[in-house]
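Just so you know, the protein sequences line up as chains Z and C, in that order. When we follow the working numbering, the leftmost residue of the first sequence carries the number 666, and every step to the right adds one. When we follow the working numbering, the leftmost residue of the second sequence carries the number 218, and every step to the right adds one. For every residue, glycine included, the Cβ atom is placed at its ideal position computed from N, Cα and C.
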Amino acid sequence: MSAKPTAPSPRTARPRTAKSGSADNDRLVGFYRRMLLIRRFEERTARAYTQAHIGGYCHLNLGEEAAIVGLLSSLEPTDYLFTNYREHGYAIDRGIDPNRVMAELYGRSDGVSKGWGGSMHMFDTAHRLLGGYGIVGGQVPVATGAALAIEYRGGREIVMCTMGDGTTNIGAFHESLNLAALGHLPIVYVVINNRLGMGTTVEMSSAEPELFRRGSAYRMAAARVDGLDPEAVAAAAAIAAASARDGEPYLLEVVSERLRGHSVVDPAKYRSEAEVAELRAHDPVPALAERLMREGALTPEQLEQIDREVLAIVEEAAAFADASPSPDVATLFDYTYASPVANAEGRLPGDPLFPAAPRPEDGDR
Amino acid sequence: MAVMTYRQALHDTLRDEMLRDERVFLLGEEIGVFEGSYKITAGLLEQFGPRRVRDTPIAEEGFTGAAIGAAMLGLRPVVEIMTINFSLLALDQIVNHAAKIYGMFGGQVSVPLVIRTPGGGGQQLGATHSQNVELYYAFVPGLKVVAPSTPADARSLLQAAIRDDDPVLFLENLALYNTKGEVPDDLAPGEIGRARITRSGHDLTLIGYSRTAHVAAQVAEQLASSEGLNIEVVDLRSLRPLDRTTLIESVRRTHAAVVLEDDWLTYGIGAEVAATISDGAFDDLDAPVRRVAMAEVPLPYAKGLETAALPSVDDVITAVYQTLDAVGRRHLKVGHD
Ligand SMILES: Cc1ncc(C[n+]2csc(CCOP(=O)(O)OP(=O)(O)O)c2C)c(N)n1
Ligand SMILES: [Mg+2]
């Protein structure tokens, strides 16, 4: 199967079907609740970072909420998810307890990666989130290998591997898509096109800026979807997931927004005020809230109620993280190797290789 | 004479070399519009335009290889790799190509390329973003590797690297960018392959490079005032070639040495330094050469774990004391604590 790539322009959402049925409304309200949780969680994360509870690099999903909930709606609990360093929202929406995600950000022992990974390296086998990767493109070959393992064992699961637009220029992206297409691997590659690497635009960095078209080099089915519309993303992701489940890899480009700087410390001075205003106008979270009110799915009071509930979850996460113990320094050498090995190194920086030989009573120099 | 930051020294030198030589151009991720992840190239796109300050896609292997090719045709590209961790994606081009082309083709073309990249750690960046893998390059014949610790050396060695006909890996450090020092106005290009004794003494030789040269100087200073110790400090400055002569001469005077490194102990830079000393000054040594390095783990994110894994000033002082204890000298000189 090799569906022709389809190319709607980024902002033309597919025609909307009128939502009258309450099942549709419930689904949309569900999306909203999940999106708002990511939004409030990330806002709380930014605050915790300024309060120095969180260190290192910290990249937020603000603007990506609709994309996340749409994408993850297409996955079964047994499917696997690989992401990059901008992944807090993916972790939460995959069903991981926000307490444990926040604890990871705080570097505490109750964190999903026990405090070893931090913001860029969330990992949870139970929810089949297999990382969180900080090296651009690092997850792409690895995810491809996970798909290979599924194919090898003859399972029904699929792999979803998300990445940024800039990541499509890493050599490993091309090597991986080729491998997946040759091997008919059950994987969906998702490019979150927020139109920026750090400050470099897609047009500056990609000779084919319609990134989904890169699939054609590997005869891989591909499509582009408006990442501000959770339903559109969910529909596109469902098609992509079905293809992968049938043993044909798929490339899905999700055109999204990054509401703030590349990371929490980037003031994004390379963006004009007009551009930022435009971004705010497109913000998918308030847009969905307005739509839900307009269509009578939620009253303003109900919206406020959801916000209160979500804020309570987020505040609890921060309190939980704050109360969680830091990992014990005695565990420093616990995770270097999975299997015991003779002569493994376990020295702290100041330790000598060999203890000093007994010294003569008084040195004779 | 001007006092400036390490960052400013790098920036000004890049600018001056570009003004001096039309063949010099810059390429790397986010160096133009974004002005560099660590702002070394701030303003240069504006001054020189996109022909000479080239923003690249995230494609370390591709653009480093392209710089090698441009260098083969006589240009003098200066590549910025955002951090040394990401240079691993370009390892093949650097090791199998940049380092080989001169020798493997019988000396017909050289590769006058500079790769600038910072090491670092200690900022909770996690296992993949906190490595100091300069050793991988210092290991390879055909590459030159310099690791300046001061703004003046940053300037003089960057000048030397850009004017050099061979590929030079120019190691910077995240922790050094904001440090300040004097840079003489008429500074001549430095000499690659030379260490410098930055403090003379006779009790022990403390050896460092890049960030650890500062730690060495700080420890020497501290122990001079607290214990009256007279420690000699050697700043390696060049990791390949390694200035073995300066090391040996120093240890012949001091009879003891401690090496500081920000990489891992086993097979690290310190191992080569220690082996050099035992080869060249065995009879002069009164104690085994000690090395202080990072704990051998993928560096954890959590602050407490990270701190435990990274060498501290106290670790260095302990190693110095233990070395002096081993020779009995501290015992005689200042008594026991
Ligand atoms: C191999 C590698 N090179 C460079 C970096 C530094 N870096 C981190 S994120 C980033 C931009 C990535 O852009 P994109 O793929 O569009 O993802 P986004 O951050 O926009 O989600 C860069 C250059 C890195 N982490 N790894
Ligand atoms: Mg992007």
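Judging by CA-CA distance, which residue of the options is the nearest neighbour of residue i?
{"i": "Y935(Z)", "options": "V544(C), L243(C), V250(C) and A226(C)", "result": "V250(C)"}
{"i": "R461(C)", "options": "A492(C), V328(C) and D500(C)", "result": "A492(C)"}
{"i": "D931(Z)", "options": "D229(C), S254(C), A226(C) and L231(C)", "result": "S254(C)"}
{"i": "D789(Z)", "options": "A952(Z), G695(Z), G728(Z) and T748(Z)", "result": "T748(Z)"}
{"i": "W781(Z)", "options": "Y538(C), P515(C), A525(C) and P528(C)", "result": "P515(C)"}
{"i": "E943(Z)", "options": "E960(Z), A954(Z) and R925(Z)", "result": "R925(Z)"}
{"i": "M869(Z)", "options": "E523(C), P274(C), P335(C) and A307(C)", "result": "P274(C)"}
{"i": "A430(C)", "options": "E478(C), R469(C) and H419(C)", "result": "E478(C)"}
{"i": "G735(Z)", "options": "R959(Z), M828(Z), A899(Z) and D993(Z)", "result": "A899(Z)"}
{"i": "P528(C)", "options": "M235(C), P335(C), E408(C) and D480(C)", "result": "D480(C)"}
{"i": "L292(C)", "options": "A434(C), F242(C), R413(C) and P267(C)", "result": "F242(C)"}
{"i": "G337(C)", "options": "R469(C), V350(C) and L330(C)", "result": "V350(C)"}
{"i": "G810(Z)", "options": "Y1000(Z), L847(Z) and G829(Z)", "result": "L847(Z)"}
{"i": "R770(Z)", "options": "E969(Z), S739(Z), G721(Z) and L794(Z)", "result": "For the record, residue 770(Z) in the displayed sequence is Leu; it is not Arg. L770(Z) has its Cα closest to that of G721(Z), out of E969(Z), S739(Z), G721(Z) and L794(Z)."}
{"i": "R333(C)", "options": "G445(C), R237(C) and Q376(C)", "result": "Q376(C)"}
{"i": "I318(C)", "options": "F303(C), A287(C), V296(C) and P335(C)", "result": "A287(C)"}
{"i": "S443(C)", "options": "L388(C), D496(C), E389(C) and I534(C)", "result": "I534(C)"}
{"i": "A805(Z)", "options": "E816(Z), Y714(Z) and V824(Z)", "result": "The amino acid at residue 805(Z) is misidentified as Ala; the sequence shows Val. Among E816(Z), Y714(Z) and V824(Z), the Cα nearest to that of V805(Z) belongs to V824(Z)."}
{"i": "Y750(Z)", "options": "M885(Z), C826(Z), Y883(Z) and A688(Z)", "result": "C826(Z)"}
{"i": "L231(C)", "options": "A525(C), R457(C), P406(C) and V451(C)", "result": "P406(C)"}
{"i": "R879(Z)", "options": "E918(Z), G892(Z) and I904(Z)", "result": "E918(Z)"}
{"i": "A378(C)", "options": "V357(C), Y394(C) and I409(C)", "result": "I409(C)"}
{"i": "L502(C)", "options": "E438(C), L453(C), T345(C) and H419(C)", "result": "H419(C)"}
How big is the Cα-Cα spacing for residue i and residue j?
{"i": "A219(C)", "j": "F985(Z)", "result": "51 Å"}
{"i": "A322(C)", "j": "A315(C)", "result": "Reading off the sequence, residue 322(C) comes out as Phe, not Ala. Their Cα atoms are separated by approximately 12 Å."}
{"i": "G836(Z)", "j": "Y745(Z)", "result": "23 Å"}
{"i": "A939(Z)", "j": "Y223(C)", "result": "36 Å"}
{"i": "L261(C)", "j": "E252(C)", "result": "8 Å"}
{"i": "Q539(C)", "j": "R508(C)", "result": "12 Å"}
{"i": "S928(Z)", "j": "I494(C)", "result": "45 Å"}
{"i": "N313(C)", "j": "N843(Z)", "result": "24 Å"}
{"i": "R704(Z)", "j": "A731(Z)", "result": "10 Å"}
{"i": "V385(C)", "j": "V363(C)", "result": "7 Å"}
{"i": "L1018(Z)", "j": "E449(C)", "result": "23 Å"}
{"i": "P830(Z)", "j": "G521(C)", "result": "The sequence shown places Asp at residue 830(Z), not Pro. Computed Cα separation, rounded: 35 Å."}
{"i": "R271(C)", "j": "T463(C)", "result": "40 Å"}
{"i": "R759(Z)", "j": "L794(Z)", "result": "8 Å"}
{"i": "D1016(Z)", "j": "A717(Z)", "result": "31 Å"}
{"i": "M221(C)", "j": "D402(C)", "result": "11 Å"}
{"i": "S687(Z)", "j": "R269(C)", "result": "60 Å"}
On the DSSP bridge assignment, give the partners of residue i in chain order.
{"i": "W481(C)", "result": "M511(C)"}
{"i": "E297(C)", "result": "G245(C) and R333(C)"}
{"i": "I800(Z)", "result": "Bridge partners of I800(Z): none, in fact."}
{"i": "R709(Z)", "result": "Note: R709(Z) sits in no beta bridge, so no partner."}
{"i": "N858(Z)", "result": "V920(Z)"}
{"i": "N690(Z)", "result": "DSSP output for N690(Z) lists no bridge partner at all."}
{"i": "M863(Z)", "result": "DSSP lists no partner for M863(Z)."}
{"i": "I409(C)", "result": "DSSP, once it has assigned bridges, lists no residue as partnering I409(C)."}
{"i": "R653(Z)", "result": "The question about residue 653(Z) has no answer here: the residues shown for chain Z are numbered 666 through 1030."}
{"i": "S455(C)", "result": "V363(C)"}
{"i": "T827(Z)", "result": "V855(Z)"}
Interface residues of chain C around residue i at Cβ under 9 Å?
{"i": "H786(Z)", "result": "G343, A344, T345 and Y518"}
{"i": "G834(Z)", "result": "Here residue 834(Z) turns out to be Asn, not Gly, going by the sequence shown. T273, P274, I275, A276 and G279, listed in chain order."}
Under 8 Å between beta-carbons, which chain Z residues line up against residue i? List them in chain order, please.
{"i": "L251(C)", "result": "Reading the sequence as shown, one finds Phe at residue 251(C) and not Leu. In chain order: M863, G864, T865 and Y935."}
{"i": "T483(C)", "result": "E1010"}
Which chain Z residues sit within Cβ distance under 9 Å of residue i?
{"i": "M218(C)", "result": "By Cβ distance, chain Z contributes nothing, its closest Cβ being about 33 Å from M218(C), past 9 Å."}
{"i": "L522(C)", "result": "G772, G780, W781, S991, P992, D993, V994, T996 and L997"}
What residues from chain C crowd round residue i, counting only those whose CB sits closer than 7 Å?
{"i": "M869(Z)", "result": "D272"}
Any chance the CB of residue i is under 7 Å from a heavy atom of ligand 4?
{"i": "H724(Z)", "result": "Ligand 4 is absent from the structure shown, which contains only ligand 1 and ligand 2."}
Under 8 Å, Cβ to Cβ, is there at least one residue of chain D near residue i?
{"i": "I761(Z)", "result": "Looking at the structure shown, chain D is missing, and the protein chains on hand are Z and C."}
At 7 Å on the CB atoms, spell out the chain Z contacts of residue i, in chain order.
{"i": "V296(C)", "result": "Those do not exist, as V296(C) stays about 16 Å from chain Z at its closest Cβ, beyond 7 Å."}
{"i": "V514(C)", "result": "L997, F998 and T1001"}
{"i": "A525(C)", "result": "V994, L997 and L1013"}
Along chain C, which residues have their Cβ under 8 Å away from the Cβ of residue i?
{"i": "G1015(Z)", "result": "V509, P528, S529, D531, D532, V533, T535 and A536"}
{"i": "A1021(Z)", "result": "Q539, D542 and A543"}
{"i": "V1045(Z)", "result": "No answer is possible for residue 1045(Z): the residues shown for chain Z start at 666 and end at 1030."}
Q: Could you please tell me which residues of the stretch 345-359 of chain C, in chain order, have their CB closer than 7 Å to any CB of chain Z?
A: Cβ contacts with chain Z come from T345 and H346.
Q: Using a Cβ-Cβ cut-off of less than 9 Å, list which residues of the stretch 836-861 of chain Z approach chain C; keep chain order.
A: Correct list: G836 and A837.
**Q.** the stretch 528-544 of chain C: positions lying closer than 8 Å to chain Z by Cβ
**A.** Listed in chain order, the positions of the stretch 528-544 of chain C with a beta carbon within less than 8 Å of a beta carbon of chain Z are P528, S529, D531, D532, V533, T535, A536, Q539, D542, A543 and V544.
Q.
Taking beta-carbon pairs under 8 Å, can you tell me which members of the stretch 718-737 of chain Z lie near chain C?
A. Within the stretch 718-737 of chain Z, the qualifying residues are G720, G721 and Y722.
Q) Between the stretch 819-831 of chain Z and chain C, which residues of the former have a C-beta closer than 7 Å to a C-beta of the latter? A) Cβ contacts with chain C come from G831.
Q) Name the residues in the stretch 236-268 of chain C whose C-beta lies less than 9 Å from a C-beta of chain Z; which are they? A) Taking 9 Å as the cut-off between beta carbons, the residues of the stretch 236-268 of chain C near chain Z are E246, E247, G249, V250, F251, E252 and S254, in sequence order.
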